[in-house]
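Here is the structure we will look at, set down as structure tokens.
Protein chains: 2
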Amino acid sequence: MDPRILREIEAIFPGDRILTGLGDRYTYGFDASFGQYLPELVVQPQSVEQIAGLVRLANDHLIPLYPRGSATSLSGGPLPVKGGIVIDMSQYPKRLDVDRENLLAVVTPSVITAEIHRAAESVGLFYPPDPSSSHVSTIGGNLLENSSGPKGLKYGTTKEYVIGMEVVTPTGEVIRVGGKTVKSVTGYDLTRLIVGSEGTLGIVTEAILRLIPKPPARRTLLAHFPRLKDAGYAITRILSSGILPAAMELMDNACIRAVESYRPHGLPTDAEAILIIEVDGHPSAVDEEIRRCEELCLAQGAGGCKVAENEDEREKIWMSRKMVSPAITRMGPTKISEDATVPREKIPEMMEHLKRIKEKYRLQLVVFGHAGDGNLHPNIITDERNREEMERVEKAVGEIFEAAVSLGGTLSGEHGIGILKAPYMEMELGREGVMMMKKIKEAWDPNNILNPGKIFPAPGQTKVVLR
Amino acid sequence: MDPRILREIEAIFPGDRILTGLGDRYTYGFDASFGQYLPELVVQPQSVEQIAGLVRLANDHLIPLYPRGSATSLSGGPLPVKGGIVIDMSQYPKRLDVDRENLLAVVTPSVITAEIHRAAESVGLFYPPDPSSSHVSTIGGNLLENSSGPKGLKYGTTKEYVIGMEVVTPTGEVIRVGGKTVKSVTGYDLTRLIVGSEGTLGIVTEAILRLIPKPPARRTLLAHFPRLKDAGYAITRILSSGILPAAMELMDNACIRAVESYRPHGLPTDAEAILIIEVDGHPSAVDEEIRRCEELCLAQGAGGCKVAENEDEREKIWMSRKMVSPAITRMGPTKISEDATVPREKIPEMMEHLKRIKEKYRLQLVVFGHAGDGNLHPNIITDERNREEMERVEKAVGEIFEAAVSLGGTLSGEHGIGILKAPYMEMELGREGVMMMKKIKEAWDPNNILNPGKIFPAPGQTKVVLR
Numbered sequence: 001m002d003p004r005i006l007r008e009i010e011a012i013f014p015g016d017r018i019l020t021g022l023g024d025r026y027t028y029g030f031d032a033s034f035g036q037y038l039p040e041l042v043v044q045p046q047s048v049e050q051i052a053g054l055v056r057l058a059n060d061h062l063i064p065l066y067p068r069g070s071a072t073s074l075s076g077g078p079l080p081v082k083g084g085i086v087i088d089m090s091q092y093p094k095r096l097d098v099d100r101e102n103l104l105a106v107v108t109p110s111v112i113t114a115e116i117h118r119a120a121e122s123v124g125l126f127y128p129p130d131p132s133s134s135h136v137s138t139i140g141g142n143l144l145e146n147s148s149g150p151k152g153l154k155y156g157t158t159k160e161y162v163i164g165m166e167v168v169t170p171t172g173e174v175i176r177v178g179g180k181t182v183k184s185v186t187g188y189d190l191t192r193l194i195v196g197s198e199g200t201l202g203i204v205t206e207a208i209l210r211l212i213p214k215p216p217a218r219r220t221l222l223a224h225f226p227r228l229k230d231a232g233y234a235i236t237r238i239l240s241s242g243i244l245p246a247a248m249e250l251m252d253n254a255c256i257r258a259v260e261s262y263r264p265h266g267l268p269t270d271a272e273a274i275l276i277i278e279v280d281g282h283p284s285a286v287d288e289e290i291r292r293c294e295e296l297c298l299a300q301g302a303g304g305c306k307v308a309e310n311e312d313e314r315e316k317i318w319m320s321r322k323m324v325s326p327a328i329t330r331m332g333p334t335k336i337s338e339d340a341t342v343p344r345e346k347i348p349e350m351m352e353h354l355k356r357i358k359e360k361y362r363l364q365l366v367v368f369g370h371a372g373d374g375n376l377h378p379n380i381i382t383d384e385r386n387r388e389e390m391e392r393v394e395k396a397v398g399e400i401f402e403a404a405v406s407l408g409g410t411l412s413g414e415h416g417i418g419i420l421k422a423p424y425m426e427m428e429l430g431r432e433g434v435m436m437m438k439k440i441k442e443a444w445d446p447n448n449i450l451n452p453g454k455i456f457p458a459p460g461q462t463k464v465v466l467r
Numbered sequence: 001m002d003p004r005i006l007r008e009i010e011a012i013f014p015g016d017r018i019l020t021g022l023g024d025r026y027t028y029g030f031d032a033s034f035g036q037y038l039p040e041l042v043v044q045p046q047s048v049e050q051i052a053g054l055v056r057l058a059n060d061h062l063i064p065l066y067p068r069g070s071a072t073s074l075s076g077g078p079l080p081v082k083g084g085i086v087i088d089m090s091q092y093p094k095r096l097d098v099d100r101e102n103l104l105a106v107v108t109p110s111v112i113t114a115e116i117h118r119a120a121e122s123v124g125l126f127y128p129p130d131p132s133s134s135h136v137s138t139i140g141g142n143l144l145e146n147s148s149g150p151k152g153l154k155y156g157t158t159k160e161y162v163i164g165m166e167v168v169t170p171t172g173e174v175i176r177v178g179g180k181t182v183k184s185v186t187g188y189d190l191t192r193l194i195v196g197s198e199g200t201l202g203i204v205t206e207a208i209l210r211l212i213p214k215p216p217a218r219r220t221l222l223a224h225f226p227r228l229k230d231a232g233y234a235i236t237r238i239l240s241s242g243i244l245p246a247a248m249e250l251m252d253n254a255c256i257r258a259v260e261s262y263r264p265h266g267l268p269t270d271a272e273a274i275l276i277i278e279v280d281g282h283p284s285a286v287d288e289e290i291r292r293c294e295e296l297c298l299a300q301g302a303g304g305c306k307v308a309e310n311e312d313e314r315e316k317i318w319m320s321r322k323m324v325s326p327a328i329t330r331m332g333p334t335k336i337s338e339d340a341t342v343p344r345e346k347i348p349e350m351m352e353h354l355k356r357i358k359e360k361y362r363l364q365l366v367v368f369g370h371a372g373d374g375n376l377h378p379n380i381i382t383d384e385r386n387r388e389e390m391e392r393v394e395k396a397v398g399e400i401f402e403a404a405v406s407l408g409g410t411l412s413g414e415h416g417i418g419i420l421k422a423p424y425m426e427m428e429l430g431r432e433g434v435m436m437m438k439k440i441k442e443a444w445d446p447n448n449i450l451n452p453g454k455i456f457p458a459p460g461q462t463k464v465v466l467r
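If you read the sequences in order, they're chains A and B. Take 1 as the starting number for the first sequence in the numbering used here and just add one per residue. Take 1 as the starting number for the second sequence in the numbering used here and just add one per residue.
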């Protein structure tokens with residue numbers, strides 16, 4: 001880095017918050033997707049003024065900035081693909097104030113999402129979004145990616161819980177958007193525009209989250225199905241019976257086998273699918289609803305159904321779901337996690353497409369996900385050093401996107417576009433749709449400083465996993 | 001209008017869909033706020049192609065376009081303040097398809113919101129947003145203003161239920177935003193940007209709405225409080241007890257008296273406030289919850305509490321709330337409806353401010369609203385021909401906004417900015433906040449064709465009710 005620019009950075013940050021060593025720079029060069037890029041340096045801001053100063057400096061010298069939380073992104077969100085400066089927001093001062101009277105939490109972006117869950121629950125409240133990574137991921141990362149987890153079906157996504165923010169704009173101004181009221185129509189909804197913008201439209205320095213009363217009771221069941229299609233029908237039947245479960249999770253046969261070989265849970269390895277269904281609410285309501293879910297699963301061809309009778313049994317059921325990721329990680333060195341999402345009733349059809357793609361390209365492809373809201377997580381386990389296999393993976397990923405879009409679905413339900421889906425944006429949104437997004441990016445960030453190389457494909461970019 | 005331009009319009013629309021008579025133009029010159037403007041002509045599009053063609057023509061000739069639904073706006077949303085062409089969307093072909101499997105409805109903007117309620121409920125589903133005007137207002141108008149009604153507390157606002165749209169952009173391109181999946185993070189959330197944009201960022205030609213299972217039971221109570229502050233505390237106590245009511249409506253003493261003199265309901269005219277609380281959900285849950293609400297109201301100083309024991313009694317309670325608008329309309333020829341919204345616990349403080357403002361400016365000011373989400377509706381009943389009184393109204397409205405913002409609230413919870421709050425935008429959002437919104441408007445609508453004169457104040461504009 002130009003020594004004059006470095007001196008300007010040193011005028012903003014104390015020496016111990018600027019990391020320039022090669023080891024540090026490598027450490028900040030990857031996330032939970034794959035790919036490795038080397039930033040020029042890393043800063044650890046301690047105040048909004050430092051961030052605003054850095055953004056203005058970056059505009060003066062045209063330096064790319066890459067904000068980063070815990071870097072659990074599966075789409076390459078924080079990767080410093082054009083070098084520049086990584087802004088490590090995980091070391092930003094932590095503040096987490098629960099305002100019980102107004103059912104709100106005010107948080108800084110470095111707070112780990114699970115800490116918000118605990119703080120809310122300790123006063124009888126509830127923050128529903130719960131990405132699988134919530135024990136390590138920061139709320140800042142969660143909200144810029146709008147990652148949401150299994151409860152989207154009943155409770156909506158992260159976006160539905162962010163009602164206000166303090167944000168540093170791409171030109172280095174500090175603004176407040178939204179506020180402490182659930183209803184606000186004072187001008188355009190910049191809050192929801194910035195949530196899910198993958199760090200391309202602003203750096204969040206504070207968020208106001210809406211909390212809700214904690215449901216007093218919950219019940220969980222695990223049902224296994226000899227035929228996957230029937231699991232799909234069971235989901236639709238339950239939802240149209242008037243029950244809105246808090247979660248409806250699906251695991252396919254490959255997942256079941258992976259979990260059983262990793263850590264046996266007594267799952268039926270010949271079942272084509274497992275559904276985990278959880279209902280929450282008033283105690284007598286959930287007792288009645290979980291029995292009704294059981295009946296509907298059995299009527300729809302479930303081979304068996306187990307309702308957890310106590311918290312231990314409930315945890316055991318959820319543990320089998322949580323083992324999926326570690327179990328499949330053991331199947332190979334490279335894991336490509338997709339999250340193509342389809343309208344709920346199209347899940348059986350999407351599963352057929354995935355099966356066909358798996359066979360056509362002879363890949364290890366497992367499927368699990370949040371079936372209640374159509375948000376599937378097809379994962380391809382491969383080895384990025386195996387060029388020939390990666391070429392098949394490249395084609396398979398393209399066909400997964402095509403299948404999702406052809407069924408009226410979307411490239412990404414909650415992982416974001418990042419670098420791994422950018423070339424397919426036009427397929428879903430059309431040229432004009434992408435253009436309207438780009439107009440916002442260009443109007444707000446004329447020098448393309450914030451997280452460049454993400455969401456919008458570079459001219460001619462067609463590959464997603466090959467490089 | 002220039003005859004050459006008129007010929008171009010006639011090439012897009014058949015003669016009977018172009019209204020040029022003075023009577024017609026007057027009819028399309030007002031809404032439910034106040035003020036009267038004369039458009040040059042009115043068109044009634046029957047297809048998205050006609051709208052796109054008109055928008056391109058308007059860009060060529062720099063003609064302002066004013067889309068309009070049923071014109072129930074309380075903030076001047078559809079008023080043709082700069083003349084030009086009114087686009088009467090209320091005559092757009094009606095389509096309302098409920099997709100029970102996917103819990104969705106696909107609608108065109110001309111559908112009346114109450115028709116969506118009925119269609120959803122006929123198959124056991126539920127569309128929660130319910131503005132007071134829902135029996136006459138179109139869904140297109142509802143979603144462009146994000147008007148939501150009493151159920152925002154538990155169910156969120158209109159925005160939370162719109163997941164996809166077909167939109168004509170301000171430059172006349174037809175795009176689709178969002179889709180049929182609840183989870184989607186494919187690029188920026190243009191859906192939520194356009195919802196609530198008051199017709200300044202696009203004309204909606206189709207919307208995909210999320211539905212939820214209809215709650216099987218509901219219970220309602222009416223409590224009256226000798227002291228208004230206690231009603232505020234009761235709201236907070238109920239919400240922090242773990243109950244999330246479907247609605248919590250407040251009426252102040254002036255409202256109670258207005259209703260009683262308009263159509264007697266046996267309301268206690270000496271009470272400072274009435275709360276109407278409704279819970280919905282599982283039958284045994286709602287029975288328990290409504291009793292708990294009653295206990296908490298009484299413990300918090302309610303003078304009396306009536307739980308509806310059947311649907312007739314429930315309707316009678318709601319009728320007293322619905323009579324507020326007609327009752328206060330009789331108090332004078334001009335009604336200024338505000339909807340300043342504050343964080344919930346600030347309601348007692350906001351009510352004190354409103355009482356002070358009412359006395360200071362000697363005005364007929366009544367307050368009711370959706371207290372559960374802090375969304376109050378202070379209404380000033382006046383006579384716009386009385387210049388001296390209108391000057392006091394002007395000052396009172398400014399102080400209402402100042403009070404709301406000083407309490408951490410917002411200018412508008414659901415009525416929109418329109419022309420009636422534009423001068424106060426910077427007070428809430430700051431210069432930079434307004435600028436970020438303006439950058440989007442300018443990037444999307446470089447010729448300022450769509451609904452010009454709304455949201456953003458004209459240079460030097462300071463007055464809201466005086467002209």
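Virtual Cβ for every residue (Gly too), placed ideally from N, Cα, C.
Cβ atoms of residue j and residue i: under 9 Å apart, would you say?
i, j, result
"residue 324/A", "residue 361/A", "no"
"residue 92/A", "residue 109/A", "yes"
"residue 125/B", "residue 143/B", "no"
"residue 246/A", "residue 161/A", "no"
"residue 404/A", "residue 340/A", "yes"
"residue 24/B", "residue 42/B", "yes"
"residue 400/B", "residue 357/B", "yes"
Quick check on this structure: which residue in the options has the alpha carbon closest to the alpha carbon of residue i?
i, options, result
"residue 205/B", "87/B, 327/B, 317/B", "87/B"
"residue 187/B", "436/A, 298/A, 220/A", "436/A"
"residue 209/A", "144/A, 158/A, 401/A, 458/A", "158/A"
"residue 268/A", "285/A, 340/A, 304/A, 381/A", "304/A"
"residue 47/B", "72/B, 168/B, 57/B", "168/B"
Using a Cβ cut-off of 9 Å (strictly closer), state whether residue i contacts chain A.
i, result
"residue 104/B", "yes"
"residue 169/B", "yes"
"residue 145/B", "yes"
"residue 151/B", "no"
"residue 18/B", "no"
Is it buried or exposed for residue i, if we count other Cβ within 10 angstroms and need 16 for buried?
i, result
"residue 299/A", "exposed"
"residue 319/A", "exposed"
"residue 310/B", "exposed"
"residue 327/B", "buried"
"residue 219/A", "buried"
"residue 197/B", "buried"
Does any C-beta atom of chain B lie closer than 9 Å to the C-beta of residue i?
i, result
"residue 285/A", "yes"
"residue 157/A", "yes"
"residue 203/A", "no"
"residue 100/A", "yes"
Members of the stretch 207-235 of chain A near chain B, C-beta cut-off 7 Å: If the cut-off is 7 Å between Cβ atoms, the stretch 207-235 of chain A has 212, 213, 214, 216 near chain B.
Under 8 Å (Cβ pairs) to chain A, residues found in the stretch 365-378 of chain B: Within the stretch 365-378 of chain B, the qualifying residues are 370, 373, 374, 375.
Residues within the stretch 407-428 of chain B neighbouring chain A, beta-carbon criterion of under 8 Å: The stretch 407-428 of chain B vs chain A, Cβ under 8 Å: 408, 409, 410, 411, 412, 413, 414, 415, 416, 417, 421, 425, 428.
Near-chain A residues of the stretch 173-191 of chain B - C-beta to any C-beta below 8 Å: Contact annotation: in the stretch 173-191 of chain B, residues whose CB is within less than 8 Å of a CB in chain A are 173, 174, 175, 176, 177, 179, 180, 181, 182, 183, 184, 185, 186, 187, 188, 189, 190.
Positions along the stretch 239-252 of chain B whose CB lies within less than 9 Å of some CB in chain A: The residues in question are 239, 240, 241, 242, 243, 244.
Near-chain B residues of the stretch 274-298 of chain A - C-beta to any C-beta below 9 Å: From the stretch 274-298 of chain A, only 281, 282, 283, 284, 285, 286, 288, 289 have a Cβ closer than 9 Å to chain B.
Selection of the stretch 334-346 of chain A by Cβ proximity to chain B, strictly under 7 Å: Answer set for the stretch 334-346 of chain A: 341, 342, 343, 344, 345.
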